[in-house]
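Colleague: Just so you know, the protein sequences line up as chains Y and G, in that order.
Numbering follows the numbering used here, in which position 33 of the first sequence is assigned residue number 33; successive positions increment by one, without gaps.
Numbering follows the numbering used here, in which position 127 of the second sequence is assigned residue number 389; successive positions increment by one, without gaps.
Before anything else, here's the structure in question.
There are 2 protein chains.
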Amino acid sequence: MSSRRLLIIGGAAGPGLLGRFVALAGGPAARIVVIATASSAPAEASSSFVEAFTALGAGEVCALRLDTRCDANDDQPLLRRATGVFFTGGDQERIVTVLGGTVTDSLLQELPTSVIIAGTSAGAAAMSGTMIVEGDALGITRASVRTGPGLELLPGVLIDQHFAERGRVNRLLSAVALYPHELGLGIDEDTAILTDGDRFEVLGSGAVTVVDAGAATDIRVPSHGPITLAGARIHVLAAGHTFHLTGRRPVVDAPAVEREAA
Amino acid sequence: MSSRRLLIIGGAAGPGLLGRFVALAGGPAARIVVIATASSAPAEASSSFVEAFTALGAGEVCALRLDTRCDANDDQPLLRRATGVFFTGGDQERIVTVLGGTVTDSLLQELPTSVIIAGTSAGAAAMSGTMIVEGDALGITRASVRTGPGLELLPGVLIDQHFAERGRVNRLLSAVALYPHELGLGIDEDTAILTDGDRFEVLGSGAVTVVDAGAATDIRVPSHGPITLAGARIHVLAAGHTFHLTGRRPVVDAPAVEREAA
Numbered sequence: 001m002s003s004r005r006l007l008i009i010g011g012a013a014g015p016g017l018l019g020r021f022v023a024l025a026g027g028p029a030a031r032i033v034v035i036a037t038a039s040s041a042p043a044e045a046s047s048s049f050v051e052a053f054t055a056l057g058a059g060e061v062c063a064l065r066l067d068t069r070c071d072a073n074d075d076q077p078l079l080r081r082a083t084g085v086f087f088t089g090g091d092q093e094r095i096v097t098v099l100g101g102t103v104t105d106s107l108l109q110e111l112p113t114s115v116i117i118a119g120t121s122a123g124a125a126a127m128s129g130t131m132i133v134e135g136d137a138l139g140i141t142r143a144s145v146r147t148g149p150g151l152e153l154l155p156g157v158l159i160d161q162h163f164a165e166r167g168r169v170n171r172l173l174s175a176v177a178l179y180p181h182e183l184g185l186g187i188d189e190d191t192a193i194l195t196d197g198d199r200f201e202v203l204g205s206g207a208v209t210v211v212d213a214g215a216a217t218d219i220r221v222p223s224h225g226p227i228t229l230a231g232a233r234i235h236v237l238a239a240g241h242t243f244h245l246t247g248r249r250p251v252v253d254a255p256a257v258e259r260e261a262a
Numbered sequence: 263m264s265s266r267r268l269l270i271i272g273g274a275a276g277p278g279l280l281g282r283f284v285a286l287a288g289g290p291a292a293r294i295v296v297i298a299t300a301s302s303a304p305a306e307a308s309s310s311f312v313e314a315f316t317a318l319g320a321g322e323v324c325a326l327r328l329d330t331r332c333d334a335n336d337d338q339p340l341l342r343r344a345t346g347v348f349f350t351g352g353d354q355e356r357i358v359t360v361l362g363g364t365v366t367d368s369l370l371q372e373l374p375t376s377v378i379i380a381g382t383s384a385g386a387a388a389m390s391g392t393m394i395v396e397g398d399a400l401g402i403t404r405a406s407v408r409t410g411p412g413l414e415l416l417p418g419v420l421i422d423q424h425f426a427e428r429g430r431v432n433r434l435l436s437a438v439a440l441y442p443h444e445l446g447l448g449i450d451e452d453t454a455i456l457t458d459g460d461r462f463e464v465l466g467s468g469a470v471t472v473v474d475a476g477a478a479t480d481i482r483v484p485s486h487g488p489i490t491l492a493g494a495r496i497h498v499l500a501a502g503h504t505f506h507l508t509g510r511r512p513v514v515d516a517p518a519v520e521r522e523a524a
């Protein structure tokens, strides 16, 4: 697993998470590139993050407009010298449609591992190997989720976002039943995972839900009707918790059961 | 665990499930009592089920009006000779408020085990030992669910209903994090569990989601903010699947992984 650090945000990031990104990119020495390809209003989306990162003390912040595959096949001098890259929200399918297989796509894979790559909402979803494209059906069925290839910055996972806020556990369960090789990561708003090798740490005000169908004893995905998924594991992790991706287990760092007073 | 058979329906039951109840109650020999205490319009709620069970071939169907604790402390001759009892939907808290500790409550516990007791929606929720009263908060937090004592017809479980349709997995996860002793059962609409000793079978068109925090390695329930629940298990079971309640495991009856063609 790559040792690149990724900051993957479930949408609606507050200043705590955005400030952490700026710090990881180098603070006053940061050279940040904002990519709003996912957005239907990229100029507005870029400029709001450019302003936010500047206000949070980033040394240099630029919007990199990649609205077409032609843009994405440019030489990207800005990206080559960046210390931080930030993907905004919008429609994740636009990111892979515009960037897939381009110079920019290759460059993202080849950036020095010291460069922090972050994404929020659609920008988070696009980071996984298999990307959740859409799905709002009720129930846990084959039709509850549509997937496609992502940018593969973090292989082995399926990333869902706005997770608690949009009640998306059914589509994540559907996705891991279809693809039990992938770990399902559901990231709440104003919440993020920060990867470090094959671990991630949870940051922010919400939780990250990990759905693991690896240990499932019975998986049945009929053409129509409800999926059966017996013996899957689920972990709900608040800020400060760490999860080991290849080991598929949370790293428990404190007494086994602890309850604060109500 | 009692060998009474219970039919616990997640709401919006179609004729398949209602017909199964009539058959379990004895079909043409059935003597069915409908209890609409949960409903804010008990006369209408009762009569629609009386009509439905009659149309499905039940020998005898009566509404038993238990609108007050005074009603519930009557001698209940109808209930004493019933072969099937059906609780309608509405507000589960009304069921336990009106029936709790009354003659009817004791009688329900003491009915011959040949009597089938069924409930839909609120009537399903009230069957558990610890009952989910309400909770629609987003996220997985202490505030996401409110519980209270149920009728204890099926101890050891927390029953949630309209499960997929109302996106209630967060409140069920919150409940089992608070009470890991209890198995969380989330029952979709037009879906039911039929208990038989310490097992249940899934019936109907949706799925039953079992959330088991028993194996959790780390549970933290802060006063405010997200719960941590690491190492829980989740099972999504479609019709035909059986689950062993005391063993906390699905009974797998077919090849471990099976996928029908898409």
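Beta carbons are placed, not taken as given, at the ideal position from N, Cα and C, and that holds for glycine.
Remember, it's a predicted structure, so these values are computed and weren't measured experimentally.
(1) Skipping 5 residues on each side, what residues in its chain have a beta carbon closer than 7 Å to that of residue 195(Y)?
(2) Return the residues of the stretch 421-442 of chain G that lie within a Cβ-Cβ distance of less than 7 Å from chain Y, sorted by chain order.
(3) Given a cut-off of 8 Å, decide if residue 145(Y) and residue 132(Y) are closer than it, judged by their beta-carbon atoms.
(4) Is the distance from the Cβ of residue 357(G) to the Cβ of residue 384(G) below 8 Å?
(5) Closer than 7 Å to a non-hydrogen atom of the ligand FAD - does that hold for the CB of residue 395(G)?
(6) Is the shortest distance between the beta-carbon of residue 408(G) and the beta-carbons of chain Y less than 8 Å?
(7) Contact check, residue 89(Y) vs residue 38(Y) under 8 Å by CB: the rounded distance?
(8) Just to check my reading of the structure: residue 469(G) and residue 494(G) have Cβ atoms closer than 8 Å, yes? What is that Cβ distance to the nearest angstrom?
(9) Rounded to a whole number of angstroms, what is the C-alpha to C-alpha distance between residue 380(G) and residue 462(G)?
(10) Have a look at residue 536(G) and residue 459(G) and give me their C-alpha separation to the nearest angstrom.
(11) What residues from chain Y crowd round residue 467(G), counting only those whose CB sits closer than 9 Å?
(12) Buried or exposed: where does residue 424(G) fall if 16 or more other Cβ atoms within 10 Å of its Cβ makes it buried?
(13) Could you tell me the distance, in whole angstroms, from the CA atom of residue 180(Y) to the CA atom of residue 164(Y)?
(14) Keeping to the same chain, check which residues put their C-beta closer than 8 Å to that of residue 329(G); ignore five residues upstream and five downstream.
(15) Could you tell me the alpha carbon to alpha carbon distance between residue 546(G) and residue 170(Y), rounded to whole angstroms?
(16) At the 8 Å Cβ level, is residue 506(G) part of the contact set with chain Y, yes or no?
(17) Suppose contacts are defined by Cβ-Cβ distances below 8 Å. Is residue 218(Y) in contact with residue 209(Y) by that definition?
(18) Measuring only between beta-carbons, confirm whether residue 492(G) sits less than 8 Å from chain Y.
(19) Compute the beta-carbon to beta-carbon distance between residue 274(G) and residue 452(G), rounded to the nearest angstrom, for a pair I have assumed lies under 8 Å.
(20) Looking only at its chain, what residues have a beta carbon closer than 7 Å to the beta carbon of residue 65(Y), apart from the 5 residues adjacent to it on each side?
(21) Express the C-alpha separation of residue 482(G) and residue 126(Y) in angstroms, rounding to a whole number.
(22) What does residue 374(G) pair with, by DSSP beta-bridge criteria?
(23) Counting C-beta neighbours from all protein chains within 10 Å, is the total for residue 226(Y) 16 or more, i.e. buried, or is it exposed?
(24) If you draw a straight line from the C-alpha of residue 246(Y) to the C-alpha of residue 33(Y), how long is it?
(25) Among 331(G), 444(G), 265(G), which one has its Cα closest to the Cα of residue 475(G)?
(26) For residue 342(G), is the classification buried or exposed, using 16 other Cβ atoms within 10 angstroms of its Cβ as the cut-off for buried?
(27) Do residue 307(G) and residue 280(G) have their CB atoms nearer than 8 Å?
(28) Write down the C-beta distance between residue 8(Y) and residue 234(Y) rounded to the nearest angstrom, noting that I regard them as a contact closer than 8 Å.
(29) From what residue to what residue does the beta strand (DSSP E) around residue 489(G) run?
(30) Does DSSP put residue 8(Y) in a helix, in a strand, or in coil?
(31) Please determine, among 101(Y), 137(Y), 111(Y), 50(Y), the residue with the shortest C-alpha to C-alpha distance to residue 77(Y).
(32) Which of the three DSSP states, helix, strand or coil, is assigned to residue 417(G)?
(33) Name the residue from 25(Y), 211(Y), 204(Y), 248(Y) whose alpha carbon lies nearest to the alpha carbon of residue 239(Y).
(34) In the structure shown, what three-state DSSP assignment does residue 97(Y) receive?
(35) Please tell me whether residue 270(G) has its Cβ less than 8 Å away from any Cβ of chain Y.
(36) Distance, Cα to Cα, residue 109(Y) vs residue 498(G)?
Modeller: The short version:
(1) Start at 1 with the first residue of the first sequence, and residue 195(Y) comes out as number 195. Excluding positions up to five away in sequence, the list reads 5, 6, 154.
(2) Correct list: 426, 427, 429, 431, 432, 435.
(3) Mapped onto the first sequence, residue 132(Y) falls at position 132. Mapped onto the first sequence, residue 145(Y) falls at position 145. The Cβ atoms of residue 132(Y) and residue 145(Y) lie closer than 8 Å to each other.
(4) For the purposes of this step, residue 357(G) is taken as the residue at position 95 of the second sequence. For the purposes of this step, residue 384(G) is taken as the residue at position 122 of the second sequence. Yes, Cβ-Cβ distance for residue 357(G) and residue 384(G) is below 8 Å.
(5) Questions concerning the ligand FAD fall outside what the structure shown contains, since it holds no ligand whatsoever.
(6) Looking up residue 408(G) in the second sequence gives position 146. Answer no: the Cβ-Cβ gap between residue 408(G) and chain Y never drops below 8 Å.
(7) Stepping through the first sequence from its first residue, residue 89(Y) is reached at position 89. Stepping through the first sequence from its first residue, residue 38(Y) is reached at position 38. Between residue 38(Y) and residue 89(Y) the Cβ distance is about 6 Å, and since that is below 8 Å, they are a contact.
(8) Working through the second sequence from its first residue, we reach residue 469(G) at position 207. Working through the second sequence from its first residue, we reach residue 494(G) at position 232. Between residue 494(G) and residue 469(G) the Cβ distance is about 18 Å, and since that is not below 8 Å, they are no contact.
(9) As a position in the second sequence, residue 380(G) is number 118, starting the count at 1. As a position in the second sequence, residue 462(G) is number 200, starting the count at 1. Taken atom to atom, the span from the alpha-carbon of residue 380(G) to that of residue 462(G) is near 13 Å.
(10) Since the first residue of chain G shown is 263 and the last is 524, residue 536(G) is not available in this structure.
(11) On the second sequence, position 205 is the one that residue 467(G) refers to. By Cβ distance, chain Y contributes 225, 226.
(12) Your numbering for residue 424(G) matches position 162 in the second sequence. Counting Cβ neighbours within 10 Å, residue 424(G) comes out buried, since at least 16 surround it.
(13) Along the first sequence, one-based indexing puts residue 180(Y) at 180. Along the first sequence, one-based indexing puts residue 164(Y) at 164. When rounded, the distance between both Cα atoms is 22 Å.
(14) For the purposes of this step, residue 329(G) is identified with residue 67 of the second sequence, where counting begins at 1. Answer for residue 329(G): 299, 304, 360, listed in chain order.
(15) Residue 546(G) lies beyond the stretch modelled for chain G, which goes from 263 to 524, so this question has no answer here.
(16) As a first step, residue 506(G) is located in the second sequence; it is residue number 244 there, counting from the start. So no, residue 506(G) is outside the interface.
(17) Taking the first residue of the first sequence as 1, we reach residue 218(Y) at position 218. Taking the first residue of the first sequence as 1, we reach residue 209(Y) at position 209. For the 8 Å CB-CB criterion, residue 218(Y) and residue 209(Y) do not form a contact.
(18) Here residue 492(G) corresponds to residue number 230 of the second sequence, with the count starting at 1. Yes, residue 492(G) counts as interfacial toward chain Y.
(19) By one-based count along the second sequence, residue 274(G) stands at place 12. By one-based count along the second sequence, residue 452(G) stands at place 190. A Cβ-Cβ separation of about 5 Å places residue 274(G) in contact with residue 452(G) under the 8 Å criterion.
(20) Within the first sequence, the letter at position 65 stands for residue 65(Y). Cβ within range, chain order: 42, 71.
(21) Taking the first sequence and counting its residues from 1, the one referred to as residue 126(Y) is at position 126. Taking the second sequence and counting its residues from 1, the one referred to as residue 482(G) is at position 220. Going by the C-alpha atoms only, they are around 31 Å apart.
(22) Position 112 of the second sequence holds residue 374(G). Looking at the DSSP assignment, residue 374(G) forms no beta bridge with any residue, so it has no partner.
(23) Indexing the first sequence from 1 puts residue 226(Y) at position 226. Buried, because 16 or more other Cβ atoms sit within 10 Å of the Cβ of residue 226(Y).
(24) Within the first sequence, numbered from 1, the residue matching residue 246(Y) stands at position 246. Within the first sequence, numbered from 1, the residue matching residue 33(Y) stands at position 33. Residue 246(Y) and residue 33(Y): Cα-Cα distance of roughly 30 Å.
(25) As a position in the second sequence, residue 475(G) is number 213, starting the count at 1. That would be 444(G), whose Cα lies nearest to the Cα of residue 475(G).
(26) Numbered from 1 along the second sequence, position 80 holds the residue referred to as residue 342(G). Within 10 angstroms of the beta-carbon of residue 342(G) lie fewer than 16 other beta-carbons, which makes it exposed.
(27) Numbered from 1 along the second sequence, position 45 holds the residue referred to as residue 307(G). Numbered from 1 along the second sequence, position 18 holds the residue referred to as residue 280(G). No, these two residues do not count as a Cβ contact at 8 Å.
(28) Here residue 8(Y) corresponds to residue number 8 of the first sequence, with the count starting at 1. Here residue 234(Y) corresponds to residue number 234 of the first sequence, with the count starting at 1. Going by Cβ atoms, the distance from residue 8(Y) to residue 234(Y) rounds to 19 Å, so no, they are not a contact pair.
(29) For this step, residue 489(G) is matched to residue 227 along the second sequence. Premise fails: residue 489(G) is in no beta strand (DSSP E) and is neither H nor E.
(30) The count along the first sequence starts at 1 and reaches residue 8(Y) at position 8. In the three-state reduction of the DSSP assignment, residue 8(Y) falls in the strand class.
(31) As a position in the first sequence, residue 77(Y) is number 77, starting the count at 1. Residue 111(Y) is the option with its Cα nearest to residue 77(Y).
(32) As a working note, residue 417(G) is residue 155 in the second sequence. Coil.
(33) For the purposes of this step, residue 239(Y) is identified with residue 239 of the first sequence, where counting begins at 1. Out of 25(Y), 211(Y), 204(Y), 248(Y), 204(Y) has the C-alpha closest to the C-alpha of residue 239(Y).
(34) The residue labelled residue 97(Y) in the question sits at position 97 within the first sequence. Three-state DSSP puts residue 97(Y) in a helix.
(35) Within the second sequence, the letter at position 8 stands for residue 270(G). Put simply, the CB of residue 270(G) is far from chain Y, with every gap to its CB atoms at 8 Å or more.
(36) In the first sequence, residue 109(Y) corresponds to position 109, counting from 1. In the second sequence, residue 498(G) corresponds to position 236, counting from 1. Near 37 Å, if we compare the C-alpha coordinates of residue 498(G) and residue 109(Y).
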